[in-house]
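2 protein chains.
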Amino acid sequence: MTTDAAIIATQAPCENCPIRYRAVCAHCESEELGELEDMKFYRRYEAGQNVVWAADRMDFVASVVSGMAGLTQQLEDGRTQMVGLLLPSDFLGRPGRDVAAYTVTATSDLLLCCFRRKPFEKLLRERPRVAGRLLEMTLDELDAARDWLLLLGRKSAREKIASLLVILARREAALLRRRPEGRIVVSLPLTREAMADYLGLTLETVSRQMSTLKRAGVIELDGKRRVIVPSFGALVIESGDDSDGGPLS
Amino acid sequence: MTTDAAIIATQAPCENCPIRYRAVCAHCESEELGELEDMKFYRRYEAGQNVVWAADRMDFVASVVSGMAGLTQQLEDGRTQMVGLLLPSDFLGRPGRDVAAYTVTATSDLLLCCFRRKPFEKLLRERPRVAGRLLEMTLDELDAARDWLLLLGRKSAREKIASLLVILARREAALLRRRPEGRIVVSLPLTREAMADYLGLTLETVSRQMSTLKRAGVIELDGKRRVIVPSFGALVIESGDDSDGGPLS
DNA sequence: ACAGGACATTGACCCAAATCAAGATGACTA
DNA sequence: TAGTCATCTTGATTTGGGTCAATGTCCTGT
Numbered sequence: 001m002t003t004d005a006a007i008i009a010t011q012a013p014c015e016n017c018p019i020r021y022r023a024v025c026a027h028c029e030s031e032e033l034g035e036l037e038d039m040k041f042y043r044r045y046e047a048g049q050n051v052v053w054a055a056d057r058m059d060f061v062a063s064v065v066s067g068m069a070g071l072t073q074q075l076e077d078g079r080t081q082m083v084g085l086l087l088p089s090d091f092l093g094r095p096g097r098d099v100a101a102y103t104v105t106a107t108s109d110l111l112l113c114c115f116r117r118k119p120f121e122k123l124l125r126e127r128p129r130v131a132g133r134l135l136e137m138t139l140d141e142l143d144a145a146r147d148w149l150l151l152l153g154r155k156s157a158r159e160k161i162a163s164l165l166v167i168l169a170r171r172e173a174a175l176l177r178r179r180p181e182g183r184i185v186v187s188l189p190l191t192r193e194a195m196a197d198y199l200g201l202t203l204e205t206v207s208r209q210m211s212t213l214k215r216a217g218v219i220e221l222d223g224k225r226r227v228i229v230p231s232f233g234a235l236v237i238e239s240g241d242d243s244d245g246g247p248l249s
Numbered sequence: 001m002t003t004d005a006a007i008i009a010t011q012a013p014c015e016n017c018p019i020r021y022r023a024v025c026a027h028c029e030s031e032e033l034g035e036l037e038d039m040k041f042y043r044r045y046e047a048g049q050n051v052v053w054a055a056d057r058m059d060f061v062a063s064v065v066s067g068m069a070g071l072t073q074q075l076e077d078g079r080t081q082m083v084g085l086l087l088p089s090d091f092l093g094r095p096g097r098d099v100a101a102y103t104v105t106a107t108s109d110l111l112l113c114c115f116r117r118k119p120f121e122k123l124l125r126e127r128p129r130v131a132g133r134l135l136e137m138t139l140d141e142l143d144a145a146r147d148w149l150l151l152l153g154r155k156s157a158r159e160k161i162a163s164l165l166v167i168l169a170r171r172e173a174a175l176l177r178r179r180p181e182g183r184i185v186v187s188l189p190l191t192r193e194a195m196a197d198y199l200g201l202t203l204e205t206v207s208r209q210m211s212t213l214k215r216a217g218v219i220e221l222d223g224k225r226r227v228i229v230p231s232f233g234a235l236v237i238e239s240g241d242d243s244d245g246g247p248l249s
């Protein structure tokens, strides 16, 4: 929400940088943070590839430039639940912890802008505005996790699917500083299985409910990874929570 | 985990203060924060009483001194999901936001140590260590929310109940700087309905699974609000996740 | 000690989503 | 062009937990 230069990721497009969105990106901030320029590096992952495994050492933090990744947690017997969804401008990594708590998997081709952890933590200690921005982002993530709790605990399969589409549509629109309404197209860089892991369902149920929503005219499918929503309002109603999300938060 | 004086809540008992645990408590920090002394005040709530309603104005932040409270979210049709569980030493309120996002209800008698929001935000801006501690706490809360996602998305009713008991036992032990093992007693300051809202179940299912666990010898009931666990290890196995939680995190 | 009310347990039945099992689609390779 | 493999859809069946409906239990106040 701050309009002046934020050092941690914001959703503002960045003019002077190969990265499309302002992120943890020394380049964007080179005037004040030139000394960090050489700490920045990029990593590219293909769909399905792991960024880190839970309990692996993780010596960097990162910001998503493009693509999508999921944080995933597992029970011994293999039951899997996604516990975080990383979209462009999202932050990855926990300062102060060098061991990954979750497995991070690219669900589509993924580009990360990375920083070594140690200098990042130093930055955090020395720059109150950086720390403040990270706190803000963490609180937003906590709010998102709480909406997700409501989704997992109390929504029907149909509502869950609709909710996921609403979330993706809102996130996509937010990057373009727009508000989704009317007829929109949502790209779905997730397999049915990844959707199931996000929603606490099986992939069969996801597939069935997608078909149901299609038959009900709420969505149209353009291939498997692209959804056309004739009326965003109707989709929001299907999602159960009628809160309109506020002004482009 | 820092052993030196932390300004935001820690789990360390406080020697020179009526509050049992170090919390957002000017008293504990009066040597360096004397000017905030008059900003501190206490509030007491009875079981069932609301601290704030979602969308109400909230002009304070607080730390739980004793008792338990739940953050709760609702769908239009009344379906309710608890999205936060506040135990002693937990922090309540979002700096930078003056409107409550969730309804906060005392599930047992509750004592809060409160601070007016404005001076607290000033403190946050001026004291990097306070901000750092709050970031730390928020990240811990996010981790807890992610375990909760796994619970809601993938665990059976029986595992959910066992998991809740494990969480309560661990939290209670952590305040006493112990690690739960062997035969322990867990106090349960929640109605069956509150447990259901936490776990994404109905109160009938909660009741049934409590009975099942009792019949299986995993727990014994001492009244309705007190559970005896003959073997904590056995309970952890019932909870599904075998991770032993690490050293008193 | 008793009555009332909130909270909890138990039972019978039902349904949404899981499970098991074929097929269909579509992208890539030989 | 055909073949292979991953992904997705659809169908048949099962089941865990929800719903509805009685009881039971334990505080609290009189």
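Chains as they are written, first to last, in full-length UniProt numbering: chain E, 1 to 249; chain C, 1 to 249.
Where is the CB? At the ideal position from N, CA and C, for every residue including glycine.
- Query: Do we get a CB-CB distance below 7 Å when we pair G153 (chain C) with the residues of chain E?
  - Reply: As a position in the second sequence, residue 153 (chain C) is number 153, starting the count at 1. Taking Cβ atoms only, chain E reaches closer than 7 Å to G153 (chain C), which makes this a yes.
- Residues near I161 (chain E) by beta carbon distance below 6 Å, same chain, minus five either side: By one-based count along the first sequence, residue 161 (chain E) stands at place 161. Q209, listed in sequence order.
- Task: Indicate whether at least one CB of chain C lies closer than 7 Å to the CB of R146 (chain E).
- Result: Position 146 of the first sequence, counting from 1, holds the residue named residue 146 (chain E). Answer yes: the Cβ-Cβ gap between R146 (chain E) and chain C drops below 7 Å somewhere.
- Looking at the unbroken beta strand (DSSP E) that takes in S231 (chain E), where does it start and where does it end? One-based indexing of the first sequence puts residue 231 (chain E) at position 231. No beta strand (DSSP E) holds S231 (chain E); DSSP gives it neither H nor E.
- Query: By Cβ distance below 6 Å, which residues in the same chain neighbour V206 (chain E) in space, the five residues on each side in sequence not counted?
  - Reply: Position 206 of the first sequence, counting from 1, holds the residue named residue 206 (chain E). R192, M195 and A196.
- Task: Please work out which residues of its chain come closer than 7 Å, Cβ to Cβ, to N50 (chain E), disregarding the five sequence neighbours upstream and downstream, and give them in chain order.
- Result: The residue you call residue 50 (chain E) lines up with position 50 of the first sequence. Leaving aside the five residues that flank N50 (chain E) on each side, the residues in its chain whose CB is nearer than 7 Å to its CB run, in chain order, T103, V104 and T105.
- Message: Under 7 Å, Cβ to Cβ, is there at least one residue of chain E near V83 (chain C)?
- Response: Along the second sequence, one-based indexing puts residue 83 (chain C) at 83. Interface residue (Cβ-Cβ distance to chain E less than 7 Å): V83 (chain C) is classified as such.
- Query: What is the residue span of the beta strand (DSSP E) that Y45 (chain C) lies within?
  - Reply: As a working mapping, residue 45 (chain C) is identified with position 45 in the second sequence. Boundaries of the beta strand (DSSP E) around Y45 (chain C): K40 to Y45.
- Whether L142 (chain C) touches G153 (chain E) by CB criterion (7 Å): Counting from 1 along the second sequence, the entry for residue 142 (chain C) is found at position 142. Counting from 1 along the first sequence, the entry for residue 153 (chain E) is found at position 153. No; because the gap between Cβ atoms is not below 7 Å, this pair is not in contact.
- What residues from chain E crowd round D241 (chain C), counting only those whose CB sits closer than 8 Å? Walking along the second sequence from the start, residue 241 (chain C) turns up at place 241. Neighbours of D241 (chain C) on chain E, chain order: L75 and E76.
- Item | Classification of D140 (chain C) by the beta-carbon crowding that lies within 10 angstroms, buried from 16 upward | In the second sequence, residue 140 (chain C) corresponds to position 140, counting from 1. Exposed, because fewer than 16 other Cβ atoms sit within 10 Å of the Cβ of D140 (chain C).
- So, is the C-beta of L168 (chain E) closer than 7 Å to a C-beta in chain C? In the first sequence, residue 168 (chain E) corresponds to position 168, counting from 1. Cβ-Cβ to chain C under 7 Å: no for L168 (chain E).
- Which same chain residues, not among the five before or five after T80 (chain C), have their C-beta less than 8 Å away from its C-beta? As a working mapping, residue 80 (chain C) is identified with position 80 in the second sequence. Excluding residues within five positions, the ones whose Cβ falls inside 8 Å are T72, Q73, Q74 and D197.
- Are there 16 or more other CB atoms within 10 angstroms of the CB of P230 (chain C), so buried, or fewer, so exposed? Residue numbering aside, residue 230 (chain C) sits at position 230 when the second sequence is read from its first letter. It is exposed - the Cβ of P230 (chain C) has fewer than 16 other Cβ atoms within 10 Å.
- For R226 (chain C), I'd like the list of residues in its chain whose CB is within less than 7 Å of its CB, leaving aside the five on either flank, ordered along the chain. As a first step, residue 226 (chain C) must be located in the second sequence, where it is residue number 226. Excluding residues within five positions, the ones whose Cβ falls inside 7 Å are V185, S187 and L188.
- Message: Is there a C-beta anywhere in chain C that falls below 7 Å from the one on T212 (chain E)?
- Response: Within the first sequence, the letter at position 212 stands for residue 212 (chain E). Not closer than 7 Å to any Cβ of chain C, the Cβ of T212 (chain E) fails to qualify, so no.
- Query: Around the C-beta of S211 (chain C), are 16 or more other C-beta atoms found within 10 angstroms, so that it is buried, or is it exposed?
  - Reply: Mapped onto the second sequence, residue 211 (chain C) falls at position 211. It counts as exposed.
- Item | Short CB-CB distance (under 7 Å) between T138 (chain E) and chain C | On the first sequence, position 138 is the one that residue 138 (chain E) refers to. Yes, because at least one Cβ of chain C sits closer than 7 Å to the Cβ of T138 (chain E).
- Mark F41 (chain C) as exposed unless 16 or more other C-beta atoms lie within 10 angstroms of its C-beta, in which case mark it buried. The count along the second sequence starts at 1 and reaches residue 41 (chain C) at position 41. With fewer than 16 other beta carbons inside 10 angstroms of its own, F41 (chain C) counts as exposed.
- Task: Tell whether a beta-carbon distance below 7 Å holds between L112 (chain E) and L165 (chain E).
- Result: As a first step, residue 112 (chain E) must be located in the first sequence, where it is residue number 112. As a first step, residue 165 (chain E) must be located in the first sequence, where it is residue number 165. Not in contact: L112 (chain E) and L165 (chain E) (Cβ atoms no closer than 7 Å).
- Message: Can you pull out the residues from the region 183–205 of chain C whose beta carbon lies closer than 9 Å to at least one beta carbon of chain E?
- Response: Those would be D197, Y198, L199, G200 and L201, in chain order.
- Message: Using 7 Å as the threshold, is the C-beta distance between S108 (chain C) and A47 (chain C) below it?
- Response: In the second sequence, counting from the first residue as 1, residue 108 (chain C) sits at position 108. In the second sequence, counting from the first residue as 1, residue 47 (chain C) sits at position 47. Yes, the pair counts as a contact, with Cβ atoms nearer than the cut-off.
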